[in-house]
Structures are given as C-alpha cells and as structure tokens.
Amino acid sequence: MIEPKRVIATLAVALVGAATLTSPSAAAGMAPYEPTHAGPRVVSSLAAPASATVTEGQVKEVAPGGVITYPSVTSCLTVTVRLRGGGLVGAHASLFQVPGELRSDEILGALKQLVGERPVAAIEVRGAVGAWHPSYFVKALESYGEGEQVPISEGPDFNGIAQAVSRGLGLPRGRVTVEDVPDGDQTIR
C-alpha cells in the first residue's frame, strides 16, 4: 500500500512544477532563447533591441522601427533583410575573416538561420561591390589553399552578388537590391 504522505508529496511537487511551467513569468524565463550561432557573432532574442551595431563577421537583429549601424564599411558588404513585420536582420560580410567572427562563406547561412521562416519584404546589399567576387559567399578567401586559383573581382558584379545572396538565403532574386556605396559607416532604418 502506498503511504498517503508520499502520494501528497508527489502530487504537491507535480502541481508546483506544472504551475511553474504555465505561469507567464516562468514561461518568459524558460522561453527558448538561444542564439542561432554559438558565441557573440550572432545575436537574437525574443525581444530584439531598438538598435544594434553590426561589426565585421557579425549578424544581429533589431525590432520594428529599429536602426542597424554597420561601422567602417570599406572593403565589406552589408546584407540587410527587411522583415515584413518591420524588423531588420543585418550581416556585415568581411573580405577577410576577423578573428573569432564569421567568414564570408558563413555569413549568409547565419543570416538565413536568424531570419528563419519569417516573411521577408526586401534584401539590401550595400558596400564595396567592386571588391567582391560573388563566389566569396560560397568559399571565403581564407579557404583557398596554396596553388589554388582565387577568383578576383574584375569590377562591380551587381547581378552576380544579388544571385549569390538570393541563393545563400533561399529567397527570390527579385527581392535583392545591390548598391555600391562609398567607404564609411552605414545606418539602416
């Protein structure tokens, strides 16, 4: 026969656990909050911030009405995804990997993962278009071994970059625009 005290204790533990799992404050604390990529390179949260600075090799998100700043865009490309809900998800692709950050052939995958299944209104690529060969999104410059032929950009390839970004994100080419912009900081609203 089961002791009544043991039954009551077991039920009490079960009820407290169930209450904890269903209370709004507990649910907020236990909600799935995991960056889509380990480390500080990709930042996402349930409540995206109003502003973010996205440095080379990083991917971050801002809330609807928010602002993304990409500092010191010289030989880089920035890729900003405009979500239909108004938020922005941005990536700062660097020609050469910054230690501890994403390489150019990892950046679109991380961006795609952070965007997830949310509807996308537009994708804006800006930066040093003439310095980029579209293949750098598939194989980073650091990935080439000794004796391998590294593709070199022979001038701005707007369509090739748009196609590479479209393929990398798995989104229609028609949503991607590419703009060559002068060196400096970029602010996207």
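All residue numbers for the sequence shown refer to this note's numbering, where the first residue is 2 and numbers rise by one.
Note that beta-carbon positions come from the ideal geometry of N, C-alpha and C, so glycine has one too.
Exercise for review: Below 8 Å on the Cβ atoms is my guess for T60 versus L89; work out the distance and round it to an integer in Å.
Suggested key: Here residue 60 corresponds to residue number 59 of the sequence shown, with the count starting at 1. Here residue 89 corresponds to residue number 88 of the sequence shown, with the count starting at 1. This sequence places Val at residue 60; Thr is not what is there. No, V60 and L89 are not in contact; Cβ-Cβ is about 11 Å, not under 8 Å.
Check your understanding: Does the Cβ-Cβ distance between L103 and G58 come in under 8 Å?
Key -> Locating residue 103 in the sequence shown gives position 102, where the first residue counts as 1. Locating residue 58 in the sequence shown gives position 57, where the first residue counts as 1. Yes; because the gap between Cβ atoms is below 8 Å, this pair is in contact.
Point to revise | Close Cβ partners of I124 (< 8 Å) along its chain, the five nearest in sequence each way excluded | key: Position 123 of the sequence shown, counting from 1, holds the residue named residue 124. Within the same chain, I124 has close Cβ partners V80, T81, V82, R83, V166, S167, L170, L172, R176, V177 and T178.
Review point. So what does DSSP say about Y71, is it helix, strand or coil?
Key: Position 70 of the sequence shown, counted from the start, is the residue given in the question as residue 71. Three-state DSSP puts Y71 in a strand.
Check your understanding: So what's Q98 in DSSP terms, helix, strand or just coil?
Key -> Stepping through the sequence shown from its first residue, residue 98 is reached at position 97. Three-state result, Q98: coil.
Point to revise | Nearest candidate by alpha-carbon position, reference Q164, set I69, L109, V74 and D186 | key: In the sequence shown, the residue the question calls residue 164 occupies position 163. With distances taken between Cα atoms, Q164 lies closest to L109.
Check your understanding: Helix or strand or just coil, what does DSSP make of Q59?
Key -> To locate residue 59, count along the sequence shown from 1; it is residue 58. In the structure shown, Q59 sits in coil (DSSP, three-state: anything other than H, G, I, E or B).
Practice item. Starting from the Cα of V151, find the closest Cα among Y137, A122 and A129 and give me that residue. Key: The residue labelled residue 151 in the question sits at position 150 within the sequence shown. The residue with the shortest Cα to Cα distance from V151 is Y137.
Check your understanding: Can you give the beta carbon distance from P50 to D186, rounded, assuming they're within the 8 Å contact cut?
Key -> Numbered from its first residue, the sequence shown carries residue 50 at position 49. Numbered from its first residue, the sequence shown carries residue 186 at position 185. Their Cβ separation, rounded to whole angstroms, is 18 Å, which puts P50 and D186 out of contact at 8 Å.
Check your understanding: Going by beta carbon distance, what residues of the same chain come within less than 7 Å of E147, once the five residues before and after it are set aside?
Key -> Locating residue 147 in the sequence shown gives position 146, counting from the first residue. So the list is empty, once near-sequence residues are dropped.
Exercise for review: Indicate the three-state DSSP secondary structure (helix, strand or coil) for R119 in the structure shown.
Suggested key: As a first step, residue 119 must be located in the sequence shown, where it is residue number 118. R119: coil per DSSP, three-state reduction.
Check your understanding: CB-CB under 8 Å to V99, same chain, minus the five flanking residues each way: which ones, in chain order?
Key -> Within the sequence shown, numbered from 1, the residue matching residue 99 stands at position 98. Result list for V99: T56, E57 and G58, in chain order.
Check your understanding: Looking only at its own chain, which residues have a Cβ that is under 6 Å from the Cβ of K140, when we skip the five neighbours before and after it?
Key -> Taking the first residue of the sequence shown as 1, we reach residue 140 at position 139. The residues are D106.
Review point. Helix, strand or coil for V179 per DSSP?
Key: Position 178 of the sequence shown, counting from 1, holds the residue named residue 179. Of the three classes helix, strand and coil, the one that applies to V179 here is strand, per DSSP.
Check your understanding: When DSSP labels each residue in this structure, what does L170 get in the three-state scheme?
Key -> Looking up residue 170 in the sequence shown gives position 169. In the structure shown, L170 sits in a helix (DSSP, three-state: H, G or I).
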